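What follows is a short report on a single structure.
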Amino acid sequence: MPITLYTGKNCARCVILKEYLASRGQSFAAYDFQDDKDQFNPFYRAHRAALHRDDENRLEIPIYDDGVVVKQGIGEVLAYLLAGDALASCVGTTGVLHGWISNLNVSACPAGEEEHFLTMLRLLTKGGLQVILDADGRRPELLEQVLKEGLAARLMLNILGPAELYPAIAGGPLVPGDLKKSIALARSAKDGVIRILVAPYRNSAGELERLTPVQAGAAAEFVFEACADRMLPVFIEAASGEGLPDLREQDLLPYRSKVRNTLVKAEIRKPETH
Amino acid sequence: MADLTYPSDRRYHAGHLWAKKNPDGTWLVGITDFAQQQLGEVIFVDLPEVGAHFDQGKSCADIESAKVVSEAIIPLSGMILKVNEALVNTPELLNSDPYGEGWLLRLAADDASETTLDAEAYKALLQE
Chain X
0 MPITLYTGKN CARCVILKEY LASRGQSFAA YDFQDDKDQF NPFYRAHRAA LHRDDENRLE
60 IPIYDDGVVV KQGIGEVLAY LLAGDALASC VGTTGVLHGW ISNLNVSACP AGEEEHFLTM
120 LRLLTKGGLQ VILDADGRRP ELLEQVLKEG LAARLMLNIL GPAELYPAIA GGPLVPGDLK
180 KSIALARSAK DGVIRILVAP YRNSAGELER LTPVQAGAAA EFVFEACADR MLPVFIEAAS
240 GEGLPDLREQ DLLPYRSKVR NTLVKAEIRK PETH
Chain V
0 MADLTYPSDR RYHAGHLWAK KNPDGTWLVG ITDFAQQQLG EVIFVDLPEV GAHFDQGKSC
60 ADIESAKVVS EAIIPLSGMI LKVNEALVNT PELLNSDPYG EGWLLRLAAD DASETTLDAE
120 AYKALLQE
């Protein structure tokens, strides 16, 4: 199947994709999504439902179309080219902030896909992007390898809830030993942040809900059991979710109170734009 | 902005749409020259359902260019009678002829006395 790319000017992530395809000996046609309107506009109209934009309504590029699948964003495209759908859970909307790439989750990497995940990060960093890596405590051995190779410019260790909620929220269990190792790695990372992330998730009944302040407090106890350090610098941050109202800073105050019962230095953190 | 035009035969809304009264009493609605310039080349228009009702100042359609998605803010309250089907395959009409072939929809206004701007007031708004 012929490969078509839709790219932009001065787009480092587009260059990464072109060079990677060339290194595999794969031919492709590349069109500028703003200049080559005869190619891009009909494609956009046919596929717009499958394409996403960022918070400022900017279209994420590059876009990949091989006639069978359409993938958007350098993270999603590289993950697909390296491993089919196996790395799909590790890669989200990677954003368009110049020079940075986010929503790459090391903890969601399936067993057997470690080398593909590392290759993806190597391609991104070699191409000049600074990786903001997410982790949730699982897969500390892979996280250690990522940090050892200098493949993450910033590490966000997201504590998603108490242990009993991890399967529902993260998609898999988190054992205290792995959390302990991950906390140690985050503390030793050059730019590591540990945060209790108040994120939406689907409960066992399939309903969308958020961590409650009491559950956040239980998450803090889980962290303390792993690291035995009440002075651990930890943040509390709200993540937005479709179908749920955004939490304001004042909404997080009850969370902070519960978390501080265990981790006394907990502070509320505003979400960043990247 | 000097090259942009704002015909005096229609009314304008601060949301950058215009409304022009037809002889049969219905209103033709479209985007202004300023709006089309700000959008850049339009590549898709998500038009409303015929029969839908919108209050003045509410979004009645999404207009998408490569660089941005913008809501079309309806200049008068009313019910949609017709949408410009030509925009489905040639959305660039919004850029090439925003006051003519690039009209968005035809509207049965609830109350034509709702507050709008004339061309001079709209131009003054753009200067602010």
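Going down the list, the sequences are from chains X and V.
If you count the first sequence from 1, position 3 lands on 2 in numbering that gives the first Met the number 0, and the numbers rise without skipping.
If you count the second sequence from 1, position 124 lands on 123 in numbering that gives the first Met the number 0, and the numbers rise without skipping.
For every residue, glycine included, the Cβ atom is placed at its ideal position computed from N, Cα and C.
In this text, all values refer to a predicted model and were calculated from it rather than measured experimentally.
Proximity test, Cβ basis, 8 Å: residue i and chain X
{"i": "E113 (chain V)", "result": "no"}
{"i": "E100 (chain V)", "result": "no"}
{"i": "V67 (chain V)", "result": "yes"}
{"i": "F53 (chain V)", "result": "no"}
Proximity test, Cβ basis, 8 Å: residue i and chain V
{"i": "T3 (chain X)", "result": "no"}
{"i": "F223 (chain X)", "result": "no"}
{"i": "R209 (chain X)", "result": "no"}
{"i": "H273 (chain X)", "result": "Reliability of the predicted coordinates at H273 (chain X) is poor, the pLDDT of 43 falling under 50, and no value is obtained from them."}
{"i": "R268 (chain X)", "result": "no"}
Contacting residues, own chain, Cβ-Cβ under 7 Å from residue i (five flanking each side not counted)
{"i": "A287 (chain X)", "result": "The question about residue 287 (chain X) has no answer here: the residues shown for chain X are numbered 0 through 273."}
{"i": "P139 (chain X)", "result": "D177, K180, S181 and L184"}
{"i": "D31 (chain X)", "result": "T6, G7 and K8"}
{"i": "L142 (chain X)", "result": "V105, A134, S181 and L184"}
{"i": "Y254 (chain X)", "result": "V197, P212, A215 and I235"}
{"i": "D8 (chain V)", "result": "K19"}
{"i": "Q25 (chain X)", "result": "I2"}
{"i": "L3 (chain V)", "result": "D32, F33 and Q36"}
Terminal residues of the alpha helix (DSSP H) in which residue i lies
{"i": "Y254 (chain X)", "result": "L252 to R259"}
{"i": "G74 (chain X)", "result": "I73 to A82"}
{"i": "N94 (chain V)", "result": "L92 to S95"}
{"i": "Q126 (chain V)", "result": "A118 to Q126"}
{"i": "R186 (chain X)", "result": "P175 to S187"}
{"i": "I306 (chain X)", "result": "What is shown of chain X runs 0 to 273, which leaves residue 306 (chain X) out entirely."}
{"i": "D31 (chain X)", "result": "First-last for D31 (chain X): F27 to D31, but that is the beta strand (DSSP E), not the alpha helix (DSSP H)."}
{"i": "R12 (chain X)", "result": "A11 to S22"}
{"i": "P161 (chain X)", "result": "Neither: P161 (chain X) is in no alpha helix (DSSP H) and is coded neither H nor E."}
{"i": "Q214 (chain X)", "result": "P212 to C226"}
Bounding residues of the beta strand (DSSP E) (the contiguous stretch that carries residue i)
{"i": "L4 (chain X)", "result": "I2 to T6"}
{"i": "C59 (chain V)", "result": "S58 to S64"}
{"i": "Q55 (chain V)", "result": "That residue, Q55 (chain V), is in no beta strand (DSSP E); it is neither H nor E in DSSP."}
{"i": "K20 (chain V)", "result": "L16 to K20"}
{"i": "L86 (chain X)", "result": "Per DSSP, L86 (chain X) belongs to no beta strand (DSSP E) and is neither H nor E."}
{"i": "V28 (chain V)", "result": "W26 to I30"}
{"i": "A108 (chain V)", "result": "L104 to A108"}
{"i": "D64 (chain X)", "result": "I62 to D64"}
Chain-order list of residues whose beta-carbon lies under 6 Å from that of residue i (same chain, five-residue window excluded)
{"i": "A28 (chain X)", "result": "T3"}
{"i": "T272 (chain X)", "result": "With a pLDDT of 49 at T272 (chain X), under the threshold of 50, the modelled position of this residue cannot be trusted, and the question is left open."}
{"i": "A217 (chain X)", "result": "P161"}
{"i": "A51 (chain V)", "result": "I79"}
{"i": "P172 (chain X)", "result": "Y165 and P166"}
{"i": "A219 (chain X)", "result": "V258, T261 and L262"}
{"i": "D64 (chain X)", "result": "T3"}
{"i": "E208 (chain X)", "result": "N202"}
Close-in-space but distant-in-sequence residues of the same chain around residue i (CB under 8 Å, 5 per side omitted)
{"i": "G56 (chain V)", "result": "H12, G14, I72 and I73"}
{"i": "E248 (chain X)", "result": "I267 and K269"}
{"i": "G149 (chain X)", "result": "T124"}
{"i": "E18 (chain X)", "result": "G126"}
{"i": "D190 (chain X)", "result": "A152, R153 and L154"}
{"i": "A163 (chain V)", "result": "An answer regarding residue 163 (chain V) cannot be provided, because it is not within the stretch 0 to 127 covered by chain V."}
Residue-chain proximity (residue i, chain A), Cβ-Cβ < 8 Å
{"i": "A118 (chain V)", "result": "Structure shown: chain A not included; protein chains present are X and V."}
Assess contact between the segment 147-162 of chain X and the segment 43-54 of chain X, defined as three or more Cβ pairs (one per stretch) separated by less than 8 Å. Is contact present?
Verdict: no, contact absent.
Give the residues from the segment 43-59 of chain X that approach chain V closer than 7 Å (Cβ to any Cβ), ordered along the chain.
So the close ones are Y43, R44, R47, R52, N56, R57 and L58.
Three CB pairs or more closer than 8 Å across the segment 77-87 of chain X and the segment 125-144 of chain X
As far as the Cβ criterion goes, the segment 77-87 of chain X does not touch the segment 125-144 of chain X, which means the pair count is below three.
If you measure beta-carbon to beta-carbon, which residues of the segment 9-41 of chain V are closer than 7 Å to chain X?
If the cut-off is 7 Å between Cβ atoms, the segment 9-41 of chain V has E40 near chain X.
When you compare the segment 40-47 of chain V with the segment 56-74 of chain V, are there three or more beta-carbon pairs, one atom per stretch, that lie closer than 8 Å?
Taking 8 Å as the limit for Cβ pairs, the verdict is that the segment 56-74 of chain V does touch the segment 40-47 of chain V.
Anything in the segment 30-44 of chain X with a Cβ closer than 8 Å to a Cβ of chain V? List those residues in chain order, please.
Hits within the stretch, in order: F32, Q33, K36, F39, N40, Y43 and R44.
So, do the segment 65-74 of chain V and the segment 14-23 of chain V have three or more beta carbon pairs nearer to each other than 8 Å?
Three or more Cβ pairs drawn from the segment 65-74 of chain V and the segment 14-23 of chain V lie within less than 8 Å of each other, which places the two stretches in contact.
Using 8 Å as the Cβ pair cut-off and three pairs as the minimum, do the segment 113-126 of chain V and the segment 79-93 of chain V touch?
No: fewer than three Cβ pairs fall under 8 Å.
Whether or not the segment 9-17 of chain X and the segment 64-77 of chain X are in contact is what I'm after, with contact meaning three or more pairs of Cβ atoms, one per stretch, closer than 8 Å; do they touch?
Contact holds between the segment 64-77 of chain X and the segment 9-17 of chain X, because three or more Cβ pairs, one in each stretch, are under 8 Å apart.
On the three-pair Cβ rule with 8 Å, is the segment 90-101 of chain V touching the segment 27-38 of chain V?
Below 8 Å, enough C-beta pairs join the segment 90-101 of chain V and the segment 27-38 of chain V to call them touching: three or more.
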